[in-house]
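Q:
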Amino acid sequence: MAEAEKILEKDHYGLADLKQRILEFIGVAKLSGSLRGSILCLVGPPGVGKTSIGKSIARALNRKFFRFSVGGIRDEAEIKGHRRTYIGAMPGKIIQALKVCQTMNPVIMLDEVDKIGSSYHGDPASALLEVLDPEQNSEFLDHYLDVRCNLSDILFIVTANMLDSIPEALVDRMEVMRLSGYIMEEKLEIAKRYLIPKNRKHMGLKATQVEFTKPALRQLINGYARESGVRTLENSIKKILRKLALEIVRQNEVVPTSKRSIKKEPAGSSYTITPEELPKYVGKPVFHSDRIYEETPVGICAGLAWTSMGGATLYVESIKIPSEKTEMKLTGQAGQVMKESSEIAWSYLHGAVHKYAPGHTFFEKSQVHIHIPEGATPKDGPSAGVTMVTSLISLLRNEPVMQDLCMTGELTLTGRVLPIGGVKEKIVAAKRSGLKVVIFPKDNLRDIEELSDEIKKGINIHFVEHYDEVFKIAFPDAELPAI
Ligand SMILES: Nc1ncnc2c1ncn2[C@@H]1O[C@H](COP(=O)(O)OP(=O)(O)OP(=O)(O)O)[C@@H](O)[C@H]1O
Ligand SMILES: [Mg+2]
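One point on numbering: in my numbering, the residue at position 257 of the sequence shown is 866, and numbering is uninterrupted.
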């Protein structure tokens, strides 16, 4: 146990739940003598360490590790093997894995299951079901082998970026663990303790030769590597180290007046990376701010989105244009669900104009255009419901919403505000954009209570059940007539 714990700690920072779960796993295996009936499914955005923690798990369990990507597999035979009558017939991936590992109990990682394909060659997802299901896999039949093979000693680890595209029956059989992405402080620690030492060693640099200052790392994370995972951060660090390595080698070459001086380290070969030096190595910052508006104008409201890349702030803009007919138009790469929530927002406000904008008529003789900028990123999901209504009310009342405000929540036709996903990522995104007041659905209270104080520091979170409460926060000077 102690050894396993050490390995897990050594390879990855944080991820306490996952490590705990793996240790429990090993504990049970020790007591019962076998590791049966569990399939771990790691779900999270790119670069949060799903693949690499799989390797550590195998090391911690002292087992062989085999990884293959099921993304793009279209043919059932890749998993279940071909009949030997076919030319070029081969056993399926699982049997190949056993062959490579030379053991019946390896850790097999099925990477990217959410990208599994399907075609007229059969449905590989159902074939996977047979492999993974502990009820069935002691009798797994590979077409090539043509004898039953017991797979129940294999520990399967499955990874995916999102659960939505994995067949329901498959999700059902797995134990899902979410890796939700890292905030600034965590990334800082990961960079300092793992990424820099690891890559420095790879490039043959000594610890005394390079040093990253804390502000430089902060600037690197904020300006260049803002995703949920740490892959871009790692790449930027590599880029800096590579350039330094080149510089150091060049310096060593200039002084070969006598052979002895090559060995001697020339002065100034120790580098300290400060924020001012970053552009020299990695170019201009890629990100400035998600914040488009310093002061929110009329008709515009900030919302919070969650994509497979992590959290982001998004604006909902609306304007009205004179027109014969009153109608609404939505643009900005919005998916089906988002289109529906705009219609719900529209109808909801239509029925409640007297309440939220007394004295105004509902967009008479005008076409209302709602737009969600940054059209390049497809967005979907119901959580922009409250943001859309707020944007429309602001337009109708001709009054901007409260400054530094953002919100998220699904809206129903009766004005109820329903819970949403990606709470941590959304709070992180709001903080990054400097939005200080955040509105969340009341049913998300529990998710937020689970977060550490570090994450919640500096923002004021409101919990609401009904849209009336959102209205009161967004337009603090307005009176809500009693109905
Ligand atoms: N908590 C952590 N501590 C230390 N290193 C980490 C941590 N999380 C991620 N890394 C590092 O980040 C890099 C990317 O991780 P990895 O390839 O496992 O991502 P992934 O989750 O599998 O992404 P994808 O979904 O794109 O496959 C690896 O080099 C890994 O070591
Ligand atoms: Mg991976």
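Cβ coordinates follow ideal geometry from the N, Cα and C atoms, glycine included. A quick note: this is a predicted structure, and the numbers were derived from the prediction, not measured.
Just to confirm before moving on: does the CB-CB distance between Val740 and Ile703 stay below 8 angstroms?
A: Residue mapping note: residue 740 aligns to position 131 of the sequence shown, counting from 1. Residue mapping note: residue 703 aligns to position 94 of the sequence shown, counting from 1. For Val740 and Ile703, yes; Cβs fall inside 8 angstroms.
Q: Can you give me the C-alpha to C-alpha distance between Gln711 and Arg630, rounded to a whole angstrom?
A: Numbered from 1 along the sequence shown, position 102 holds the residue referred to as residue 711. Numbered from 1 along the sequence shown, position 21 holds the residue referred to as residue 630. Rounded to whole angstroms, Gln711 to Arg630 spans 27 angstroms at the Cα level.
Q: Considering only their Cβ atoms, is the gap separating Asp720 from Ile775 smaller than 8 angstroms?
A: What you label residue 775 is simply residue 166 of the sequence shown in a count that begins at 1. What you label residue 720 is simply residue 111 of the sequence shown in a count that begins at 1. Going by C-beta atoms, Ile775 is not nearer than 8 angstroms to Asp720.
Q: Mind checking which residues open and close the alpha helix (DSSP H) that includes Asp626?
A: For the purposes of this step, residue 626 is identified with residue 17 of the sequence shown, where counting begins at 1. Taken as a continuous stretch (DSSP letters only), the alpha helix (DSSP H) holding Asp626 covers 625-641.
Q: With a threshold of 7 angstroms (Cβ to nearest heavy atom), would Lys664 be considered close to ligand 4?
A: What this structure holds is ligand 1 and ligand 2, not ligand 4.
Q: Assign Gln711 to one of three DSSP states: helix, strand, or coil.
A: For this step, residue 711 is matched to residue 102 along the sequence shown. Looking at Gln711 - three-state DSSP - the assignment turns out to be coil, as it is neither helix nor strand.
Q: Alpha carbon to alpha carbon, how far is Ala1100 from Gly653?
A: The structure shown does not extend to residue 1100, since the chain is modelled only from 610 through 1092, so no value can be given for it.
Q: Can you give the Cα-Cα distance for Lys1066 and Lys810, rounded to whole angstroms?
A: Here residue 1066 corresponds to residue number 457 of the sequence shown, with the count starting at 1. Here residue 810 corresponds to residue number 201 of the sequence shown, with the count starting at 1. For Lys1066 and Lys810, the distance between alpha carbons rounds to 36 angstroms.
Q: DSSP beta-bridge partners for Gln945?
A: For the purposes of this step, residue 945 is taken as the residue at position 336 of the sequence shown. According to DSSP, which records beta bridges pairwise, Gln945 is partnered with nothing at all.
Q: Quick one: using the 10 Å Cβ neighbour count with 16 as the cut-off for buried, is Asn1007 buried or exposed?
A: Counted from its first residue, the sequence shown places residue 1007 at position 398. By the neighbour-count rule (16 or more Cβ atoms within 10 Å), Asn1007 is not buried but exposed.
Q: Could you check if Met947 is buried or exposed, using at least 16 other CB atoms within 10 Å of its CB as the buried criterion?
A: Position 338 of the sequence shown, counting from 1, holds the residue named residue 947. It is buried - the Cβ of Met947 has at least 16 other Cβ atoms within 10 Å.
Q: For the beta strand (DSSP E) containing His691, list its first residue and its last residue.
A: Taking the sequence shown and counting its residues from 1, one reaches residue 691 at position 82. Per DSSP, His691 belongs to no beta strand (DSSP E) and is neither H nor E.
Q: As a quick exercise: from Gly990, Gly832, Lys673, pick the residue whose alpha carbon is nearest that of Gly892.
A: In the sequence shown, counting from the first residue as 1, residue 892 sits at position 283. Looking at the Cα atoms, Gly832 is the closest of the given residues.
Q: At the level of alpha carbons, what is the spacing between Ala613 and Glu1078?
A: Indexing the sequence shown from 1 puts residue 613 at position 4. Indexing the sequence shown from 1 puts residue 1078 at position 469. One C-alpha to the other measures close to 50 angstroms.
Q: Whole angstroms are fine: how far does the CA of His969 sit from the CA of Val785?
A: Taking the sequence shown and counting its residues from 1, the one referred to as residue 785 is at position 176. Taking the sequence shown and counting its residues from 1, the one referred to as residue 969 is at position 360. Between Val785 and His969, the C-alpha separation is close to 50 angstroms.
Q: Have a look at Ile1002 and Val907 and give me their C-alpha separation to the nearest angstrom.
A: Position 393 of the sequence shown, counted from the start, is the residue given in the question as residue 1002. Position 298 of the sequence shown, counted from the start, is the residue given in the question as residue 907. Each residue's Cα considered, the two are about 9 angstroms apart.
Q: For Leu788, which option in Asp762, Val839, Val858 has the closest C-alpha, if you only look at C-alpha atoms?
A: Within the sequence shown, numbered from 1, the residue matching residue 788 stands at position 179. Nearest C-alpha to Leu788: Val839.
Q: Give the straight-line distance between the Cα atoms of Phe1072 and Tyr753, rounded to the nearest whole angstrom.
A: Within the sequence shown, numbered from 1, the residue matching residue 1072 stands at position 463. Within the sequence shown, numbered from 1, the residue matching residue 753 stands at position 144. Approximately 58 angstroms between the Cα atoms of the pair.
Q: Quick one: give me the first and last residue of the alpha helix (DSSP H) that Asn1093 is part of.
A: Because the chain in this structure spans residues 610 to 1092, residue 1093 falls outside the shown range and cannot be described.
Q: Sorted by chain position, which residues of the same chain lie with C-beta nearer than 7 angstroms to Leu617's C-beta, five sequence neighbours on each side aside?
A: As a first step, residue 617 must be located in the sequence shown, where it is residue number 8. Closer than 7 angstroms at Cβ, skipping near neighbours: Lys628, Ile631, Ser665, Ala669.
Q: How big is the Cα-Cα spacing for Leu737 and Ser956?
A: Here the question's residue 737 lines up with position 128 in the sequence shown. Here the question's residue 956 lines up with position 347 in the sequence shown. If you take the alpha carbons of Leu737 and Ser956, they lie about 44 angstroms apart.
Q: Excluding the five sequence neighbours on either side, which residues of its own chain have a C-beta within less than 6 angstroms of the C-beta of Arg692, listed in chain order?
A: By one-based count along the sequence shown, residue 692 stands at place 83. For Arg692, where only same-chain residues beyond five positions count, the Cβ hits under 6 angstroms are His752.
Q: Indicate the three-state DSSP secondary structure (helix, strand or coil) for Ile901 in the structure shown.
A: The residue given as residue 901 occupies position 292 in the sequence shown. Ile901: coil per DSSP, three-state reduction.
Q: Are Val819 and Leu850 touching if we call contact CB-CB under 8 angstroms?
A: In the sequence shown, residue 819 corresponds to position 210, counting from 1. In the sequence shown, residue 850 corresponds to position 241, counting from 1. In contact: Val819 and Leu850 (Cβ atoms closer than 8 angstroms).
Q: Out of Leu1020, Lys847, Gly681, Asn844, state which residue places its alpha-carbon closest to the alpha-carbon of Glu1074.
A: Translated into the one-based positions of the sequence shown, residue 1074 becomes position 465. The candidate whose alpha carbon is nearest that of Glu1074 is Leu1020.
Q: Report the option in Val1046, Val998, Pro987 whose CA atom is closest to the CA atom of Asp1013.
A: Counting from one through the sequence shown, the residue named residue 1013 turns up at place 404. Among Val1046, Val998, Pro987, the Cα nearest to that of Asp1013 is on Val1046.
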